[in-house]
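Residue numbers for the sequence shown follow UniProt numbering, so the first one is 1 and each next one is one higher. The beta carbon of each residue, even a glycine, is placed where N, CA and C say it ideally should be. Computed from a predicted model, the values in this text were never measured in an experiment.
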Amino acid sequence: MEKRQLPGHIAAALSGAGGTSDSAGVSWEGRDLSGPGNPLHNFDRDDGAADSGVVAAREALRAGTGTEAAVVAALARARVFVPVLAQLGEEGAGAHGLAADKQADMALVTLQAPDGRRAMPVFTTTEALAAWHPQARPVAVYAPRAALSAVAEKSELLVVDPGAELTFVVRRPAVWALAKQQEWTPSYQDESLTGTVGAAVEGEPDVLRAQLAAGSGVATRTAGGSIVAGGGSGPELALVLQVRDGLGPADLQTIARRIQHALGADPQFAERVDSLEVRFIR
């Protein structure tokens, strides 16, 4: 089996944390992350608590006064924790033909999103990471570095605090924006896409009007069941098409397929839109 290497910046952070194994047989559980006498990573004096900017942005989102874009902007300046786990390699033959012990390597943890895409979990606190997976090792990096790791691992999503009261999903365009340290605009607020959509529906005589709106999957729910207007993983952008009367289901499916094909072939649209749903009104 081919050995997978950690991304360089994650390996460097892990090395700065004291290597790939606990020191002196002391468990990571309950250890303090602060102070010069115990620097577990390169973020000296880090107490493992959540970044105040991220906390404020998420609370505003929950209260209905904030936006997804504000949460991502806060993450762009925040430290997060990437979980890594020990993986046992295969036994091999040592000197004189004796069996060698299995070697433990460190590997990033990835998840599978409901739509089948690969996702990388990150955590705002060591407490949230430990509650999610007690054996995972926290590696502190800035969120843009975590986004680079996601890209390197072919993960299209970052899942912030999975298993917590509020789990926030950072979609592919926002992941790339974080990795490139660029500002992210949600596709349902991106006015530059209007012309692209207009060109795609221009050749459809049965379409009377086209409008972009937030998709049905933008919102998410907290663990307690409250609806939050952002951080979901479902369809991000809705294309609402007003069509003439008399069209049947097969006609609508054909129109949707042609328009989706045209939009998917546009590089700008493909880069800025994570997922699209088409709705018809009369």
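My output table needs one value for residue i: the three-state DSSP class, helix, strand or coil.
i, result
"Ala76", "coil"
"Ala57", "helix"
"Arg282", "coil"
"Thr196", "helix"
"Arg137", "strand"
"Ala50", "coil"
"Gln268", "helix"
"Ala214", "strand"
"Arg277", "Looking at the sequence itself, residue 277 is Glu, so the reference to Arg does not match. Of the three classes helix, strand and coil, the one that applies to Glu277 here is strand, per DSSP."
"Pro144", "helix"
"Val175", "helix"
Near residue i, which residues of its chain fall below 7 Å by C-beta distance, leaving aside the five closest residues on each side in sequence?
i, result
"Arg209", "Gln242"
"Ser34", "In this prediction, Ser34 has a pLDDT of 47, which is less than 50 and means its spatial position is unreliable; nothing more can be read from the coordinates."
"Gly163", "Ala131, Trp132"
"Val80", "Val122, Phe123, Thr124, Val141, Ala143, Ala146"
"Glu271", "Pro173"
"Ser155", "Thr110, Arg118, Ala119, Met120"
"Arg244", "Asp206, Leu208"
Note down, in chain order, each residue of its chain lying with its Cβ closer than 6 Å to the Cβ of residue i, except the 5 sequence neighbours on either side.
i, result
"Thr74", "According to the sequence provided, residue 74 is Ala. The question's Thr does not apply to it. Correct list, in chain order: Gly53, Val54, Ala57."
"Gln211", "Val240"
"Ala60", "Gly66"
"Ala150", "Met120, Leu158, Val175"
"Ala256", "Val278"
To the nearest whole angstrom, what separates the beta carbons of residue i and residue j, a pair I think is in contact under 8 Å?
i, j, result
"Ala107", "Leu85", "6 Å"
"Leu263", "Phe280", "The Cβ separation is near 16 Å, so there is no contact."
"Ala143", "Ala223", "Contact doesn't hold; Cβ gap of about 22 Å is too wide."
"Ala167", "Ala50", "A small fix is needed here, since residue 167 is Thr in this sequence, not Ala. Between Ala50 and Thr167 the Cβ distance is about 14 Å, and since that is not below 8 Å, they are no contact."
"Leu239", "Val197", "7 Å"
"Ala200", "Ile259", "5 Å"
"Asp190", "Leu247", "The Cβ separation is near 29 Å, so there is no contact."
Near residue i, what residues of its chain come up, given a Cβ to Cβ distance below 8 Å and the 5 sequence neighbours on each side ignored?
i, result
"Glu236", "Arg171, Pro186, Ser187, Tyr188, Ala214, Gly215, Gly217, Val218, Val273, Asp274, Ser275, Leu276"
"Gln181", "Ala76, Pro144"
In the DSSP assignment, what residue or residues form a beta bridge with residue i?
i, result
"Leu166", "Looking at the DSSP assignment, Leu166 forms no beta bridge with any residue, so it has no partner."
"residue 286", "Coverage of the chain is limited to positions 1 through 282, which leaves residue 286 absent and any answer about it impossible."
"Arg117", "BP columns for Arg117 are empty, so no partner."
"Phe43", "Per DSSP, none; premise fails for Phe43."
So does the segment 58-67 actually touch the segment 138-158, counting three or more Cβ pairs closer than 8 Å?
Not touching, per the Cβ criterion.
Taking one C-beta from the segment 223-231 and one from the segment 68-79 each time, how about it: are there three or more such pairs within less than 8 Å?
A contact exists between the segment 223-231 and the segment 68-79.
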